[in-house]
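J.: 13 is the number of the first residue of the sequence shown in the numbering used here; add one for each residue after it.
Don't be surprised by glycine CBs; every beta carbon is placed ideally from N, CA and C.
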Amino acid sequence: MQQKIIILDFGSQTTQLIGRRVREMDTFCEILPYNKFPHNDDGIIGVILSGSPYSVYDQEAFRVDFSQFVDKYPVLGICYGAQLMAYCSGGKVEPAGSREYGRAHLKYIDTNNPLFKDFERNSQVWMSHGDTITALPEGYHCIASTDDVHYAAYTNSEKRIWAVQFHPEVQHSLQGFQLLKNFVVDICGSRQEWSAASFVETTVKELKEQLGNDRVILGLSGGVDSSVCATLLNRAIGKNLTCIFVDHGMLRKNEFSKVMDAYKGLGLNVIGVDASEKFFSDLKGVEEPEQKRKIIGKNFIEVFDAEARKIKDAKWLAQGTIYPDRIESLNITGKVIKSHHNVGGLPEEMNLQLCEPLKWLFKDEVRRVGRQLGMPEKLIKRHPFPGPGLSVRILGEITPEKVRILQEADDIYIESMNNYICEDGESLYDKVWQAGVILLSSVRSVGVMGDERTYENPVALRAVTSMDAMTADWAHLPYDFLAKVSNEIINKVKGVNRVCYDISSKPPSTIEWE
Ligand code: XMP
Numbered sequence: 013m014q015q016k017i018i019i020l021d022f023g024s025q026t027t028q029l030i031g032r033r034v035r036e037m038d039t040f041c042e043i044l045p046y047n048k049f050p051h052n053d054d055g056i057i058g059v060i061l062s063g064s065p066y067s068v069y070d071q072e073a074f075r076v077d078f079s080q081f082v083d084k085y086p087v088l089g090i091c092y093g094a095q096l097m098a099y100c101s102g103g104k105v106e107p108a109g110s111r112e113y114g115r116a117h118l119k120y121i122d123t124n125n126p127l128f129k130d131f132e133r134n135s136q137v138w139m140s141h142g143d144t145i146t147a148l149p150e151g152y153h154c155i156a157s158t159d160d161v162h163y164a165a166y167t168n169s170e171k172r173i174w175a176v177q178f179h180p181e182v183q184h185s186l187q188g189f190q191l192l193k194n195f196v197v198d199i200c201g202s203r204q205e206w207s208a209a210s211f212v213e214t215t216v217k218e219l220k221e222q223l224g225n226d227r228v229i230l231g232l233s234g235g236v237d238s239s240v241c242a243t244l245l246n247r248a249i250g251k252n253l254t255c256i257f258v259d260h261g262m263l264r265k266n267e268f269s270k271v272m273d274a275y276k277g278l279g280l281n282v283i284g285v286d287a288s289e290k291f292f293s294d295l296k297g298v299e300e301p302e303q304k305r306k307i308i309g310k311n312f313i314e315v316f317d318a319e320a321r322k323i324k325d326a327k328w329l330a331q332g333t334i335y336p337d338r339i340e341s342l343n344i345t346g347k348v349i350k351s352h353h354n355v356g357g358l359p360e361e362m363n364l365q366l367c368e369p370l371k372w373l374f375k376d377e378v379r380r381v382g383r384q385l386g387m388p389e390k391l392i393k394r395h396p397f398p399g400p401g402l403s404v405r406i407l408g409e410i411t412p413e414k415v416r417i418l419q420e421a422d423d424i425y426i427e428s429m430n431n432y433i434c435e436d437g438e439s440l441y442d443k444v445w446q447a448g449v450i451l452l453s454s455v456r457s458v459g460v461m462g463d464e465r466t467y468e469n470p471v472a473l474r475a476v477t478s479m480d481a482m483t484a485d486w487a488h489l490p491y492d493f494l495a496k497v498s499n500e501i502i503n504k505v506k507g508v509n510r511v512c513y514d515i516s517s518k519p520p521s522t523i524e525w526e
């Protein structure tokens, strides 16, 4: 039985981070909406309650029936989770002074308490709350304090409840990982068995049971998630999996053939469809970004659908959906941050059931699984690439000629990144989350080449560091690298006479320009 920690999400921005930390200690966890505690799950070994944008006094504040898990499993409340548990058991929570934001130090710590095993005196923690606990319920006692927050942490050892008003999941809480580990490993008894190997073994077994002898269709994009998903399914059901890879004409230079070769090398049963002409003809004259996206989306579904219908007895549609895709679309406060990009709109009468074996994994875990499956490192380390391809990197109308110019510039940039090896032996390509070139085809500027005046387009280089694409920082690429790439692009790519580097972070900008 796979052990798991349940993280109940009360809407905090850092809930995902709690999940990441738990996974970092090789322990499986599920982040679930606060009101969806699972019943009859024998694998649960502990429960963590997240923070929340609400105060316990807010009308719309999220409440939970504690009897579902208190007294059954060890519980750790974080911030709002700590306040709600105290408040609902007869403690007092009141508006706090403005000082309960940012860095603080634990001036008192009960180091005999298992939650604080190996803690240093004065350990730095990160506070972020508008309310504070001013009295604990009976049977509860304080186990840590800062100058401003008396009940920085409390426990009720009989009920196996622990709670902290600071955020152990963020890096500014310097021993936060230690605290979470003390809870997950020492208190809950995690055997720390979650690994890529165990994931592959259990998932292949489950997929065999789930799919039996059914046929499955999967849309490949050339990206890491769909490729890992396909390889996993291939291991489980072999030839009953048919993959479809659509070339919309806006992939990177030679990408279609390179990726097709890689897929065939993996033994996948894959149909490649070159539909670029149809895409380009429908995009003719269209400049507005959303309209371009809609045309590409609609065409994609049509092409995919036509191929999928040829596989007569298919019962399932598999997708490489990963955990952050779902958390972003399912945010419990009701705000859609990013709508899900995968093939969403297949006609309902096809009646395909959805199979998403990677839906609990974070990106780095998907990569670990890919390695475990023996996939080539080049495929595993690929940067994320948007479904609509280079179309979101060409401002204005899309034409085959503009795509060709962008492909050339992009190829120089990406190859140079692969070839630039940093002092620690890692390439620049592997150091960044994502990189690409943007063709500013609606802008022209004057240049001089040899004795001739040019009047051509600029390109912008983009490279960002990120954990999950929700936020991103521009990568500080070395000047010598930028200088070399700029020279090479202007000298070799006809139609480009200027190179800029994008130094915007996300937010307020986005990764793609559109
Ligand atoms: P933005 O531009 O919103 O991009 O900061 C965040 C991440 O999402 C990728 N992206 C897409 N991926 N289909 C995809 O599969 C899309 O339509 C799409 N649009 C953006 C983008 O490359 C970045 O990694």
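Can you give me the C-alpha to C-alpha distance between Gly261 and Val285, rounded to a whole angstrom?
T.: Numbered from its first residue, the sequence shown carries residue 261 at position 249. Numbered from its first residue, the sequence shown carries residue 285 at position 273. Roughly 11 angstroms between the two C-alpha positions.
J.: I need the straight-line Cα distance from Glu218 to Leu366, nearest angstrom please.
T.: Counting from 1 along the sequence shown, the entry for residue 218 is found at position 206. Counting from 1 along the sequence shown, the entry for residue 366 is found at position 354. Answer to the nearest angstrom: the Cα atoms are 15 angstroms apart.
J.: So within the stretch 68 to 96, which uninterrupted beta strand (DSSP E) runs reach at least 3 residues, ignoring any that extend past its ends?
T.: Taking only runs of at least 3 residues, the beta strand (DSSP E) segments lying wholly in the stretch 68 to 96 are 87 to 90.
J.: So, for Ala248: in the same chain, excluding its five sequence neighbours on each side, which residues have a beta-carbon less than 6 angstroms away from its beta-carbon?
T.: Here residue 248 corresponds to residue number 236 of the sequence shown, with the count starting at 1. The answer, listed in chain order, is Val216, Leu219 and Lys220.
J.: Report yes if the C-beta of Val444 is less than 7 angstroms from at least one heavy atom of ligand 2; otherwise report no.
T.: Ligand 2 is not part of the structure shown, which contains ligand 1 as its ligands.
J.: On the three-state DSSP scale, how would you describe Leu186?
T.: Position 174 of the sequence shown holds residue 186. Leu186 falls in the coil class under three-state DSSP.
J.: Whose CA, out of Leu61, Cys241 and Val161, lies closest to the CA of Trp372?
T.: As a first step, residue 372 is located in the sequence shown; it is residue number 360 there, counting from the start. When each option's Cα is compared against that of Trp372, the closest is Cys241.
J.: Restricting to Cα atoms, I'd like to know which of Lys518, Val497 and Leu20 is closest to Arg510.
T.: The sequence position of residue 510 within the sequence shown is 498, counting from 1. Answer by Cα proximity: Val497.
J.: May I ask you to verify whether the stretch 400 to 417 touches the stretch 513 to 526, counting CB pairs closer than 8 angstroms and requiring at least 3?
T.: As far as the Cβ criterion goes, the stretch 400 to 417 touches the stretch 513 to 526, which means the pair count is three or higher.
J.: Could you give the DSSP three-state label for Cys241: helix, strand or coil?
T.: Here the question's residue 241 lines up with position 229 in the sequence shown. Helix, per DSSP.
J.: Please say whether Leu278 and Thr333 have beta carbons closer to each other than 8 angstroms?
T.: Counting from 1 along the sequence shown, the entry for residue 333 is found at position 321. Counting from 1 along the sequence shown, the entry for residue 278 is found at position 266. No, the Cβ-Cβ distance between Thr333 and Leu278 is not below 8 angstroms.
J.: Taking one C-beta from the stretch 411 to 427 and one from the stretch 441 to 457 each time, how about it: are there three or more such pairs within less than 8 angstroms?
T.: Yes: the two stretches touch, three or more of their Cβ pairs being nearer than 8 angstroms.
J.: In whole angstroms, give me the CA-to-CA distance for Ala175 and Ile283.
T.: The sequence position of residue 175 within the sequence shown is 163, counting from 1. The sequence position of residue 283 within the sequence shown is 271, counting from 1. Near 53 angstroms, if we compare the C-alpha coordinates of Ile283 and Ala175.
J.: Can you name the residues that DSSP bridges to Phe40?
T.: Working through the sequence shown from its first residue, we reach residue 40 at position 28. Bridge partners of Phe40: Lys16.
J.: Check whether the stretch 376 to 392 and the stretch 490 to 505 touch, using three or more Cβ-Cβ pairs below 8 angstroms as the test.
T.: The stretch 376 to 392 is not in contact with the stretch 490 to 505.
J.: Buried or exposed for Lys504, please, with buried defined as at least 16 other CB atoms from any protein chain shown within 10 angstroms of its CB.
T.: On the sequence shown, residue 504 is found 492 positions in, with the first residue counted as 1. Label assigned to Lys504: exposed.
J.: Take Ile433 and list the residues in its own chain whose beta-carbon comes closer than 7 angstroms to its own, dropping the five residues that flank it on each side.
T.: Taking the first residue of the sequence shown as 1, we reach residue 433 at position 421. Closer than 7 angstroms at the Cβ level, and outside the excluded window around Ile433, lie Ser439.
J.: Report yes if the CB atom of Ile515 is closer than 8 angstroms to the CB atom of Val508, and no otherwise.
T.: Counting from 1 along the sequence shown, the entry for residue 515 is found at position 503. Counting from 1 along the sequence shown, the entry for residue 508 is found at position 496. Result no, Cβ atoms of Ile515 and Val508 do not sit closer than 8 angstroms.
J.: Looking at the secondary structure, which residues open and close the alpha helix (DSSP H) in which Leu127 lies?
T.: Start at 1 with the first residue of the sequence shown, and residue 127 comes out as number 115. Looking at the DSSP string, Leu127 is not in any alpha helix (DSSP H), and its letter there is neither H nor E.
J.: Using C-beta distances below 6 angstroms, list every residue in its chain close to Phe58, excluding the 5 sequence neighbours before and after it, in chain order.
T.: Position 46 of the sequence shown, counted from the start, is the residue given in the question as residue 58. The amino acid occupying residue 58 in the given sequence is Gly; Phe does not appear at that position. Once the five neighbours on either side are set aside, the close Cβ partners of Gly58 are Ile17, Tyr85, Pro86 and Cys200.
J.: DSSP state of Gln303, grouped into three classes?
T.: Here residue 303 is taken as the residue at index 291 of the sequence shown, counted from 1. Three-state DSSP puts Gln303 in a helix.
J.: Report, in whole angstroms, the separation of the C-beta atoms of Ala484 and Ser517, which I expect to be a contact under 8 angstroms.
T.: Locating residue 484 in the sequence shown gives position 472, counting from the first residue. Locating residue 517 in the sequence shown gives position 505, counting from the first residue. Right, their Cβ atoms sit about 6 angstroms apart.
J.: Residues in the same chain with beta-carbon distance under 8 angstroms from Asp21, minus the five sequence neighbours each way, listed in chain order, please.
T.: By 1-based counting over the sequence shown, the position of residue 21 is 9. Excluding sequence neighbours, Asp21 sits near Thr27, Ile43, Leu44, Pro45, Tyr46, Ser62 and Ile344.
J.: If you scan the stretch 370 to 455 from start to end, which runs of the alpha helix (DSSP H) of 4 or more residues do you find wholly inside it?
T.: Runs of the alpha helix (DSSP H) inside the stretch 370 to 455: 375 to 384, 389 to 392, 412 to 431 and 440 to 443.
J.: State the start and end residues of the unbroken beta strand (DSSP E) segment that holds Ser62.
T.: Along the sequence shown, read from residue 1 onward, the residue named residue 62 stands at position 50. Ser62 -> no beta strand (DSSP E), and no H or E assigned at all.
J.: State yes or no: is the C-beta of Asn311 within less than 8 angstroms of the C-beta of Phe292?
T.: As a working mapping, residue 311 is identified with position 299 in the sequence shown. As a working mapping, residue 292 is identified with position 280 in the sequence shown. In this structure, Phe292 does not lie closer than 8 angstroms to Asn311 by Cβ.
J.: Could you tell me which uninterrupted beta strand (DSSP E) segments, each at least 3 residues in length, are contained entirely in the stretch 223 to 285, listed from first to last along the chain?
T.: Those beta strand (DSSP E) runs which fall completely within the stretch 223 to 285 and span 3+ residues are 227 to 232 and 253 to 259.
J.: Are three or more beta carbon pairs between the stretch 250 to 260 and the stretch 221 to 228 nearer than 8 angstroms?
T.: Yes, since at least three Cβ pairs between the stretch 250 to 260 and the stretch 221 to 228 fall closer than 8 angstroms, the two stretches touch.
J.: Would you tell me roughly how many angstroms separate the C-alpha atoms of Gly188 and Lys265, rounded to the nearest one?
T.: Within the sequence shown, residue 188 is the residue found at index 176, counting from 1. Within the sequence shown, residue 265 is the residue found at index 253, counting from 1. Gly188 and Lys265: Cα-Cα distance of roughly 45 angstroms.
J.: At the level of alpha carbons, what is the spacing between Ser521 and Ala156?
T.: For the purposes of this step, residue 521 is identified with residue 509 of the sequence shown, where counting begins at 1. For the purposes of this step, residue 156 is identified with residue 144 of the sequence shown, where counting begins at 1. Straight-line Cα distance between these residues: approximately 40 angstroms.
J.: Here's the rule: buried if 16 or more other CB atoms are within 10 angstroms of the residue's CB, otherwise exposed. What is Tyr152?
T.: Locating residue 152 in the sequence shown gives position 140, where the first residue counts as 1. Under this definition Tyr152 is a buried residue.
J.: By the three-class DSSP mapping on this structure, what secondary structure does Arg489 have?
T.: For the purposes of this step, residue 489 is taken as the residue at position 477 of the sequence shown. As written in the sequence, residue 489 is Leu, which differs from the Arg given in the question. Coil, per DSSP.
J.: Mind checking whether Gln80 and Phe40 have CB atoms under 8 angstroms apart?
T.: For this step, residue 80 is matched to residue 68 along the sequence shown. For this step, residue 40 is matched to residue 28 along the sequence shown. No, the Cβ-Cβ distance between Gln80 and Phe40 is not below 8 angstroms.
J.: Can you give me the Cβ contacts of Lys119 inside the same chain, cut-off strictly under 7 angstroms, excluding the 5 residues immediately before and after it?
T.: For this step, residue 119 is matched to residue 107 along the sequence shown. Cβ within range, chain order: Asn134, Ser157, Thr158 and Asp159.
J.: Spatial neighbours of Phe374 within its chain, please: CB distance less than 6 angstroms, with the 5 preceding and 5 following residues excluded, ordered by chain position.
T.: Sequence index remark: in the sequence shown, residue 374 carries index 362 (1-based). Only Tyr335 meet the Cβ criterion.
J.: With DSSP collapsed to three states, give me the class of Asp514.
T.: On the sequence shown, residue 514 is found 502 positions in, with the first residue counted as 1. In the structure shown, Asp514 sits in coil (DSSP, three-state: anything other than H, G, I, E or B).
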